[in-house]
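Just so you know, we're using my numbering here: the sequence shown kicks off at 3 and counts up by one.
Don't be surprised by glycine CBs; every beta carbon is placed ideally from N, CA and C.
Note sheet for the following structure.
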Amino acid sequence: ALAPLVEVIAALPSQSFRPHVVVLYNRDANARSFGGGYAILNSGLIDLARNETEIIGVIAHEMGHGHGRHSVRKSIEALAALRFMNYVLHSSAGTFGYELTGLPSRSPIERQAMEREADRFAILQLQQADMDPGRLADLMERMEAEDGAQLGFFDAHLPYAERAAYFRAASRPNHTVLSADEWRALKRICRTRTKAAPASSPGPESLPAEAARAGCLGLLFEP
């Protein structure tokens, strides 16, 4: 059931890369872009979602990071920082210089700018797909209820309230992609609490066959 949602994004004229999206068994309601069209959705995000547009919007946001070459820009900055520290500290202190590259390479303002850029791209893609960006506002409000308000200037991510207002301002009629059965299948993609599965966090070998066929990766577990 995830495939039709990915195909919606893949078919859009604004999409720079072929999307490759997988679901990871992790209850944190989050997603991550690795650039080049590669992204991971946590199962917790799908659990939190109430409609397909919210999930497509998150995928589009992660594709926005790829479209903006954000991971590449971060990698170049990290490499530049490493070479600079090696030059300043000489080769004998190279390990220390390498460790420093693990520190955030951008100020909160710059990283928030990347998030705004990805949100703008998500709105563009949803509009091209005849879907309602305003539905992402509801997702932002539920995430704020779960996580609490961000710290604004000092946080790498944008305040949920700001993002909700931005998405709601772009509201429009919504086009449906999945059938009711497909939506139910997507919501069960990483369901593991069955008679055959343990109550604790399962390893990949204990994921039910249904979850494995659905495309859930049981490689990273909640704490």
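Where does residue i sit, in a helix, a strand or coil, going by DSSP?
i: V179; result: coil
i: V159; result: A small fix is needed here, since residue 159 is His in this sequence, not Val. Looking at H159 - three-state DSSP - the assignment turns out to be coil, as it is neither helix nor strand.
i: L47; result: helix
i: R29; result: coil
i: R34; result: strand
i: A120; result: helix
i: A41; result: strand
i: A201; result: With a pLDDT of 33 at A201, under the threshold of 50, the predicted position of this residue should be treated as unreliable, though the coordinate-derived value follows. Here A201 sits in coil by DSSP.
On the DSSP letters alone, give me the boundaries of the beta strand (DSSP E) that residue i sits inside.
i: I191; result: It is not in any beta strand (DSSP E) - I191 carries neither H nor E in the DSSP assignment.
Just to confirm my understanding: we take residue i, look at its own chain, exclude 5 residues before and 5 after, and list those with CB closer than 6 Å. What are they?
i: H67; result: S35, A120
i: E184; result: A3
i: E146; result: Y162
i: G39; result: F19, R20, P21, H22, G68
i: L141; result: E56
i: D132; result: H177
i: C218; result: V25, Y27, I191, C192
i: N44; result: L26, N28, D30, N32
Does the beta-carbon distance from residue i to residue j come in below 8 Å?
i: A139; j: R174; result: no
i: P135; j: G59; result: yes
i: P21; j: A31; result: no
i: K189; j: I48; result: yes
i: R144; j: L50; result: yes
In chain order, what residues of the same chain lie with their CB nearer than 7 Å to the CB of residue i, ignoring the 5 residues before and after it?
i: E117; result: H159, L160
i: S126; result: Residue identity check: residue 126 is Leu in the sequence provided, not Ser. Hits under 7 Å: S16.
i: Y168; result: D121
Count the other CB atoms, across all protein chains shown, that sit within 10 Å of the CB of residue i; report buried if there are 16 or more and exposed otherwise.
i: E9; result: exposed
i: R165; result: buried
i: A33; result: buried
i: E56; result: buried
i: Q17; result: buried
i: A62; result: buried
i: R137; result: buried
i: E148; result: exposed
i: G150; result: exposed
i: A124; result: buried
Mind checking if residue i is an interface residue toward chain B, Cβ cutoff 8 Å exclusive?
i: R165; result: Checking the listed chains, one finds no chain B in this structure; it contains a single protein chain.
Under DSSP, the alpha helix (DSSP H) around residue i begins and ends at which residues?
i: S16; result: Premise fails: S16 is in no alpha helix (DSSP H) and is neither H nor E.
i: R174; result: Note, R174: premise wrong, no alpha helix (DSSP H); not H, not E.
i: G68; result: 54-69
i: M142; result: 137-149
For residue i, which residues from the same chain have a beta carbon less than 8 Å from its beta carbon, with the 5 sequence-adjacent residues on both sides left out?
i: Q129; result: P135, A172, R174
i: E54; result: L7, T178, V179, L180, W185, L188
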